[in-house]
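A.B. asks:
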Amino acid sequence: MVLSKLRLAQGSAYATTTLLSYALAGFGIVATLSTLGVSWDKLQWLVAALSVGLGFGLQEIFANFISGLIILFERPVRIGDVVTIGNLSGTVSRIRIRATTITDFDRKDIIVPNKTFITGQLINWSLSDTVTRVTLKVGVAYGSDLDAVRRLLLQAARDNPRVLKEPEPQVLFLNFGESTLDHELRIHVRDLGDRNPATDEINRFIDREFNKAGINIAFRKVDVFLKNFAGQQLQLSASTRPADDGAKPAAGDQA
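Using the working numbering, you'd call the opening residue of the sequence shown number 1461 and step up by one each time.
1) Does DSSP put Arg-1535 in a helix, a strand or coil?
2) If you draw a straight line from the alpha carbon of Asp-1705 to that of Ala-1617, how long is it in whole angstroms?
3) Reducing DSSP to helix, strand and coil, say where Leu-1480 ends up.
4) Excluding the 5 residues flanking Thr-1659 on each side, which residues of the same chain have their C-beta closer than 8 Å to its C-beta?
5) Which of helix, strand or coil does DSSP assign to Tyr-1550?
6) Near Ala-1559, what residues of its chain come up, given a Cβ to Cβ distance below 7 Å and the 5 sequence neighbours on each side ignored?
7) Can you tell me whether Ala-1509 is buried or exposed, with buried defined as 16 or more other CB within 10 angstroms of its CB?
8) Among the residues of its own chain, which have a CB less than 7 Å from the CB of Ile-1578, if the five just before and after it don't count?
9) What does the alpha-carbon distance come out to for the pair Arg-1556 and Ile-1675?
10) Answer with buried or exposed for Ala-1640, where buried requires no fewer than 16 other C-beta atoms within 10 angstroms of its C-beta.
11) For Asp-1541, count neighbouring Cβ atoms within 10 angstroms of its own Cβ and tell me buried if that reaches 16, exposed if not.
12) Does the beta carbon of Leu-1582 fall short of 7 Å from some heavy atom of the ligand MN?
13) On the DSSP letters alone, give me the boundaries of the beta strand (DSSP E) that Asn-1663 sits inside.
14) Name the DSSP beta bridge partners of Pro-1573, please?
15) To the nearest angstrom, how far is it from the Cα of Lys-1672 to the Cα of Lys-1625?
16) Would you report the Cα separation of Val-1623 and Lys-1681, rounded to the nearest angstrom?
17) Check the DSSP bridge columns for Gly-1637 and list the partner residues they point to.
18) Please state whether the Cβ-Cβ distance between Val-1598 and His-1648 is less than 8 Å.
19) Residues bridged to Ile-1545 by DSSP?
20) Suppose the cutoff is 8 Å on Cβ atoms and the five residues either side in sequence are ignored; what does the same chain contact list for Ile-1652 look like?
21) Could you tell me the alpha carbon to alpha carbon distance between Tyr-1457 and Ser-1494, rounded to whole angstroms?
22) When you compare each of Gly-1488, Glu-1534, Gln-1519 to Thr-1476 by their alpha carbons, which one comes out closest?
23) In its own chain, which residues sit with a C-beta less than 7 Å from the C-beta of Gly-1486, not counting the 5 before and 5 after it?
24) Along the chain, where does the alpha helix (DSSP H) that runs through Arg-1622 open and close?
25) Leaving out the 5 sequence neighbours to the left and right, which residues in its chain are closer than 6 Å to Pro-1709 when beta-carbon positions are compared?
26) Taking Ser-1581 as the reference, which of Asp-1607, Asp-1683, Asn-1547, Arg-1646 has the closest Cα?
27) Please report the distance separating the alpha-carbon of Glu-1628 from that of Ser-1511.
Below is the structure:
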């Protein structure tokens, strides 16, 4: 009740509540032992046994406990943050002293030991703000009109309502590839949930407008030359693009 009136942020309120609950639990244990007449002389053997246990079987639990305290005080992650740890991405839904619960994008709850947050690489997509950059790579065929490529890529970004006006979208011609002129379209979206929808919408725009403008999305092509026993030379061409140059890639061939 008191914390709700203080208007604390979700993460701050949760950290405060968790620390208070553990402090009250510790105080309750001490008070109960005192009421039962248990003195420190009797407890020192228990403390010694726990110390030996921490040195062997309980060291991982102790490491997770300390890591949980670090998370609650330093707050590298908070309730509601979108994070990535290794191959796991999701929203932090619960922080305990031993482990943290992450709800992934399939709505599965995954329990992650707190030690992982401290010793592993952690990406917090929403620690400072929720704005993220999306990079779309586009390779066009040699001989393409690069001015038209740049204009259409910028139009694809500026016409999309999910793309922020600031920072401005960028189109960069970065590399002469083996079969492609490699471009990157860099945009910023307000929320992490806009990344995939924006990518889908912009890719569809690029495919449609490039076809209208006669700009080909290039594919890697390999030419193989063979000679038969008569000395005649044959040429075989292998490409990730379908045989018909005007045809679009099949659904199974798209990334």
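Even for Gly, the Cβ is constructed at its ideal location relative to N, Cα and C.
C.D. replies: According to the data block:
1) Collapsing the DSSP output to three states places Arg-1535 in coil.
2) At Asp-1705 the pLDDT is 44, less than 50, meaning the model places this residue with poor confidence and gives no usable figure here.
3) Note: Leu-1480 maps to helix in three-state DSSP.
4) Val-1594, Leu-1596.
5) Sequence check: residue 1550 is Gly here, not Tyr. For Gly-1550, the secondary structure class from DSSP, reduced to helix, strand or coil, is strand.
6) A distance below 7 Å between beta-carbons, with the five flanking residues on each side excluded, links Ala-1559 to the following residues of its chain, in chain order: Asn-1524, Ile-1571, Val-1572, Pro-1573, Asn-1574.
7) By the neighbour-count rule (16 or more Cβ atoms within 10 Å), Ala-1509 is not buried but exposed.
8) Counting only Cβ-Cβ distances below 7 Å, and skipping sequence neighbours, we find Ser-1527, Ile-1530.
9) Arg-1556 and Ile-1675: Cα-Cα distance of roughly 54 Å.
10) The sequence shown places Thr at residue 1640, rather than the Ala named in the question. Label assigned to Thr-1640: buried.
11) Buried.
12) For the structure depicted, the ligand MN is absent and the ligand set is empty, with no information on it obtainable.
13) Per DSSP, Asn-1663 belongs to no beta strand (DSSP E); it is in the alpha helix (DSSP H), 1655-1673.
14) Answer by DSSP bridge pairing, in chain order: Ala-1559.
15) The alpha-carbon atoms of Lys-1672 and Lys-1625 are separated by roughly 26 Å.
16) Roughly 34 Å separates the two Cα atoms.
17) Among the bridge pairs identified by DSSP, Gly-1637 is matched with none.
18) No, the pair does not count as a contact, with Cβ atoms beyond the cut-off.
19) Ile-1545 pairs with Leu-1548, Leu-1582.
20) According to the sequence displayed, residue 1652 carries Leu and not Ile. Result list for Leu-1652: Val-1542, Trp-1585, Ser-1586, Thr-1590, Thr-1592, in chain order.
21) No statement about residue 1457 is possible, as the shown extent of the chain runs from 1461 to 1715 and does not include it.
22) Nearest to Thr-1476 by C-alpha distance, out of Gly-1488, Glu-1534, Gln-1519, is Glu-1534.
23) Its chain contains no residue whose beta carbon lies nearer than 7 Å to that of Gly-1486 once the 5 sequence neighbours on both sides are disregarded.
24) Neither: Arg-1622 is in no alpha helix (DSSP H) and is coded neither H nor E.
25) Confidence in Pro-1709 is poor, its pLDDT being 41 and thus under 50, which makes the residue's placement unreliable; the coordinate value appears in the next sentence. Within the same chain, Pro-1709 has no close Cβ partners at all.
26) The question names Ser, yet the displayed sequence has Gln at residue 1581. Across the set Asp-1607, Asp-1683, Asn-1547, Arg-1646, the C-alpha of Asn-1547 shows the shortest separation from the C-alpha of Gln-1581.
27) Those two C-alpha atoms are separated by around 58 Å.
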